[in-house]
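Take a look at the structure set out below.
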Amino acid sequence: MAKKSSARIGFDVQMERGGLPRPAKLNLWQDENQFEKTQPTAPFKYFSDALLGVSANYLSLWAKKTSPSEMENWLNAWKHLEPHYEMNLRSKERVQSLNKQVKAVTSQVMQGFEEKFNDKLRTIFQSEKIELSHFWPLIEMIDNLEAQNKAPLIFNFSINFSSDFCIRLQILFSFLWNLRTLVAVDHNAHIEDPSHEALCMDSICDYLPKSDYVVNDALLYYNFKKLARPFSMGKSSDIKIDKLLVAPLEKAFHQYSHNASYLIDHLPESFLNSMNPVDLEEALYLVQMDWLLAAPAGLLFKIREELFGIQNGYEKIFWPSWDNGSLKKPIQLSVCCELTPEMLGNSKVA
412 MAKKSSARIG FDVQMERGGL PRPAKLNLWQ DENQFEKTQP TAPFKYFSDA
462 LLGVSANYLS LWAKKTSPSE MENWLNAWKH LEPHYEMNLR SKERVQSLNK
512 QVKAVTSQVM QGFEEKFNDK LRTIFQSEKI ELSHFWPLIE MIDNLEAQNK
562 APLIFNFSIN FSSDFCIRLQ ILFSFLWNLR TLVAVDHNAH IEDPSHEALC
612 MDSICDYLPK SDYVVNDALL YYNFKKLARP FSMGKSSDIK IDKLLVAPLE
662 KAFHQYSHNA SYLIDHLPES FLNSMNPVDL EEALYLVQMD WLLAAPAGLL
712 FKIREELFGI QNGYEKIFWP SWDNGSLKKP IQLSVCCELT PEMLGNSKVA
């Protein structure tokens with residue numbers, strides 16, 4: 412809602428009982444009376460409250476097929492405020508380079524997924540009263556895409572979508588990430604000792620914990636594959652060794668170091684063979700970050716993790732060390748913040 416040269420964003424989030432408060436509904440303010448009755452505050456330091464409102468408003472306008480110019484204003488505001496968008500841009504070129512070197516999933520599968528995902532997303536955001544339980548079918552859609560592709564999302568560079576759909580996925584992730592941030596901010600405002608009890612958000616470790624361990628295991632798996640390759644192409648005695656020894660070891664890698672083995676299996680041979688061991692170690696660490704920040708599969712992976720958090724409780728997915736009782740009764744968080752022209756860049760949100 413525009414007010415003079417600034418913009419106001421307002422919404423309510425209904426929380427259910429649980430370990431940590433669990434978001435159940437989000438209601439976007441549309442009535443001007445709500446804004447007139449509420450004194451707006453400045454956004455949080457990292458704009459998590461504003462970004463939650465901006466992303467929700469954009470998706471709502473998109474779902475209702477509002478005029479492109481109005482949607483463009485919200486989109487520009489989101490790009491200006493969202494740090495994940497800048498991180499995506501920095502990794503995008505390297506991801507696209509890897510995407511060109513691997514066998515892509517067929518365009519028919521990608522187009523079918525986009526259409527079904529868009530249809531469901533439009534249904535969810537048609538109303539200003541957004542029921543978060545309506546997101547659950549998106550989890551099933553992502554799982555089905557994995558099944559069709561016969562490969563997990565983790566470190567997968569073969570999935571590619573249209574540019575419009577990728578932006579929409581980024582905005583959806585922004586909505587879910589900042590929704591969780593709001594829960595963390597509210598929790599941290601009511602604790603006595605932040606050094607021990609505060610909840611933290613981490614754009615990398617929340618989804619890829621111990622990435623350095625993954626690199627070490629990946630290098631071990633890569634060297635194992637190089638040593639094992641001659642046995643699969645040699646004489647009959649070598650082939651017997653391959654079946655009796657090499658195959659069980661490879662299965663063990665996939666069972667006990669699955670992220671590391673998927674990292675190597677999903678990268679093109681030309682990429683792996685082009686570097687010495689020192690450079691490869693650094694490259695494998697960077698590839699994990701690039702996949703998470705800019706690959707379409709990485710976006711889907713993060714969206715699914717956030718949905719699991721809402722569905723099962725954030726403390727079970729992101730904050731397993733948290734143990735502080737449970738919420739006794741449902742609560743409602745109400746947010747009304749004001750964005751100045753300086754915060755919005757050149758955007759004119761109305």
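So in my numbering, spot 223 of the sequence shown is number 634, and the numbers just go up one at a time.
Quick reminder that beta carbons are idealized off the backbone N, C-alpha and C, glycines included.
With a threshold of 16 other CB atoms inside 10 Å of the CB of residue i, please say whether the residue is buried or exposed.
i	result
THR452	exposed
VAL689	exposed
ALA600	exposed
ALA515	exposed
PRO659	exposed
SER648	Annotation note: pLDDT 45 at SER648 (below 50); position unreliable, coordinate value reported separately. Classification for SER648: exposed.
PRO434	buried
SER471	buried
GLU542	exposed
GLU680	exposed
SER508	exposed
ALA488	buried
GLU443	exposed
ALA706	buried
TRP730	buried
HIS495	buried
ASP613	exposed
SER544	exposed
TRP547	exposed
CYS611	exposed
GLY421	buried
SER668	buried
So if DSSP puts residue i in a beta bridge, which residue, or which two residues, is it bridged to?
i	result
LEU695	None; LEU695 has no bridge partner.
GLN743	GLN425
LEU749	The question names Leu, yet the displayed sequence has Glu at residue 749. In DSSP, GLU749 forms a bridge with ARG419.
ASN438	ASP423, LYS540
ARG433	GLU427
THR452	CYS748
Going by beta carbon distance, what residues of the same chain come within less than 6 Å of residue i, once the five residues before and after it are set aside?
i	result
ILE728	PHE719, GLY720
ALA708	LEU564, ASN567, ILE570
PHE576	GLU525
PRO702	Just to set this straight, residue 702 is Trp in the shown sequence, not Pro. Contacts found: PHE566, GLY709.
MET498	LEU704
VAL424	PRO434, LEU437, LEU744
GLN441	GLU539
HIS665	SER672
CYS747	GLY421, THR449, PRO451
PHE536	LEU470, SER471, ALA474
VAL513	PHE568, SER569, PRO679
Give me, in chain order, the residues of the same chain whose beta-carbon lies closer than 7 Å to that of residue i; leave out the 5 immediate sequence neighbours on both sides.
i	result
ILE742	MET426, PRO432
MET686	ALA694
MET482	TYR469, LEU472, TRP473
TRP485	VAL465, ASN468, TYR469, LEU472, VAL760
GLU692	VAL626, LEU630
ASN670	ILE565, VAL625
PHE572	MET521, GLU525, PRO707
GLU493	LEU462, SER585
LEU619	GLN699, LEU703
LYS490	TYR496
Less than 8 Å between C-beta atoms, sequence neighbours within five positions excluded: which residues of the same chain meet that for residue i?
i	result
LEU401	Absent from the model: residue 401. The displayed extent of the chain is 412 to 761, so no value can be given.
ILE615	SER622, MET700, LEU703
ASP597	PRO432, LEU744
GLU753	none
TRP733	GLY430, LEU431, LEU610, GLU726
GLU447	none
Item to check | Inside the stretch 498 to 583 only - beta strand (DSSP E) runs reaching at least 3 residues | outcome: 540 to 542
Checklist entry - Is the stretch 443 to 463 touching the stretch 472 to 484, taking contact as three or more C-beta pairs under 8 Å? => result no
Checklist entry - Using 8 Å as the Cβ pair cut-off and three pairs as the minimum, do the stretch 455 to 473 and the stretch 583 to 594 touch? => result yes
Next on the checklist: Three Cβ pairs or more, each shorter than 8 Å: is that satisfied between the stretch 493 to 505 and the stretch 554 to 565?
Outcome noted: no
Next on the checklist: Count Cβ pairs between the stretch 709 to 719 and the stretch 565 to 584 that sit closer than 8 Å; are there 3 or more?
Outcome noted: yes
Next on the checklist: What ranges does the alpha helix (DSSP H) occupy inside the stretch 593 to 648, keeping only unbroken runs of at least 4 residues that lie completely in it?
Outcome noted: 605 to 608, 622 to 644
Checklist entry - For the 8 Å Cβ check, are there 3 or more pairs between the stretch 527 to 542 and the stretch 671 to 680? => result no
Checklist entry - Are the stretch 598 to 613 and the stretch 622 to 631 in contact at 8 Å, needing three or more beta carbon pairs? => result no
Checklist entry - Which whole runs of the alpha helix (DSSP H) in the stretch 677 to 730 are 4 residues long or more, in chain order? => result 680 to 684, 688 to 705, 707 to 723, 725 to 728
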